[in-house]
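Protein chains in written order, with this note's numbering: chain A, 1 to 114; chain B, 115 to 230. For reference, the structure discussed in these notes is given below.
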Amino acid sequence: DAGVIQSPRHEVTEMGQEVTLRCKPISGHDYLFWYRQTMMRGLELLIYFNNNVPIDDSGMPEDRFSAKMPNASFSTLKIQPSEPRDSAVYFCASSFGQYSTEAFFGQGTRLTVV
Amino acid sequence: AQSVTQPDIHITVSEGASLELRCNYSYGATPYLFWYVQSPGQGLQLLLKYFSGDTLVQGIKGFEAEFKRSQSSFNLRKPSVHWSDAAEYFCAVGGGYGGSQGNLIFGKGTKLSVKP
Chain A
1 DAGVIQSPRH
11 EVTEMGQEVT
21 LRCKPISGHD
31 YLFWYRQTMM
41 RGLELLIYFN
51 NNVPIDDSGM
61 PEDRFSAKMP
71 NASFSTLKIQ
81 PSEPRDSAVY
91 FCASSFGQYS
101 TEAFFGQGTR
111 LTVV
Chain B
115 AQSVTQPDIH
125 ITVSEGASLE
135 LRCNYSYGAT
145 PYLFWYVQSP
155 GQGLQLLLKY
165 FSGDTLVQGI
175 KGFEAEFKRS
185 QSSFNLRKPS
195 VHWSDAAEYF
205 CAVGGGYGGS
215 QGNLIFGKGT
225 KLSVKP
């Protein structure tokens, strides 16, 4: 398997624009996680899904952020409108089973909002 | 509140020297503990994990960690550091259920530099 695939790897956008980050989990995994990494706050869990259903979105910072998982092989994280403080690296991770022992992380999307 | 503290932001060691990275946690239930490594521009790779049993756990790349419940610590060690170990290291804690292998609280990380 190619691992967790995120796209794009880098995104530069202007303030106010809509940004969509994409994630393809490892085939067969039933949990998907979105994290944000910043210098100030480190790695924070934004939201996670189980079997395509959002389970906990308490980490989503504002209503400008939304995440969807229309099927088992694809998820999006959307920011609308984007702001400079959204600049960060966004990671997607996936895992299998309620008692599995490891989540696998993608390489991340570096977002810069100017 | 649940939290993970990595007291050292940046550590520099000489190649061949031993290494210990500190991690302290605060967690209301029995913790599941992890160490991840992140190389520049890369995602996170799991080094090792502790769920139960032997408190000294072995991981990949020659790393080990010891869980000390009385000290709420899970320090990462390596007897002899290689230049390729230069990276950022993250300690994390989870509850071990309901997807929590990915639902983790991370420390702020320790950046390791290796001198030749």
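A virtual CB, placed ideally from N, CA and C, is assigned to each residue, including glycine.
Three-state class that DSSP yields for residue i in the structure shown
{"i": "B/I174", "result": "helix"}
{"i": "B/G212", "result": "With a pLDDT of 49 at B/G212, under the threshold of 50, the modelled position of this residue cannot be trusted, and the question is left open."}
{"i": "B/S184", "result": "helix"}
{"i": "A/P25", "result": "coil"}
{"i": "B/S153", "result": "coil"}
{"i": "A/P70", "result": "strand"}
{"i": "A/D56", "result": "strand"}
{"i": "A/R85", "result": "helix"}
{"i": "B/S198", "result": "helix"}
{"i": "B/S227", "result": "strand"}
{"i": "A/F117", "result": "Residue 117 of chain A is absent from the model: chain A starts at 1 and stops at 114."}
{"i": "B/P145", "result": "coil"}
{"i": "B/V127", "result": "strand"}
Proximity winner among the options, relative to residue i (alpha-carbon distances)
{"i": "B/Y146", "options": "B/F177, B/K192 and B/T169", "result": "B/T169"}
{"i": "A/G106", "options": "A/E83, A/Y90 and A/I47", "result": "A/Y90"}
{"i": "A/V113", "options": "A/I79, A/Y31, A/C92 and A/L32", "result": "A/I79"}
{"i": "B/L190", "options": "B/Q116, B/Y164 and B/G130", "result": "B/Y164"}
{"i": "A/Y31", "options": "A/R22, A/M39 and A/A72", "result": "A/A72"}
{"i": "B/P193", "options": "B/D122, B/Q116, B/E134 and B/V118", "result": "B/E134"}
CB contact flag (residue i, residue j, <8 Å)
{"i": "B/C205", "j": "B/Q120", "result": "yes"}
{"i": "A/K68", "j": "A/S58", "result": "no"}
{"i": "A/S82", "j": "A/T13", "result": "yes"}
{"i": "A/G3", "j": "A/F104", "result": "yes"}
{"i": "A/E18", "j": "A/T109", "result": "no"}
{"i": "B/A179", "j": "B/L162", "result": "yes"}
{"i": "B/S227", "j": "B/T144", "result": "no"}
Below-8 Å beta-carbon distance, residue i vs any chain A residue
{"i": "B/G157", "result": "yes"}
{"i": "B/L135", "result": "no"}
{"i": "B/F204", "result": "yes"}
Beta carbon proximity, residue i to chain B, threshold 8 Å
{"i": "A/C23", "result": "no"}
{"i": "A/G28", "result": "no"}
beta-carbon residue i near the ligand MN non-hydrogen atom, thresh 7 Å
{"i": "A/E62", "result": "Within the structure as shown, the ligand MN is missing, as the structure has no ligands at all."}
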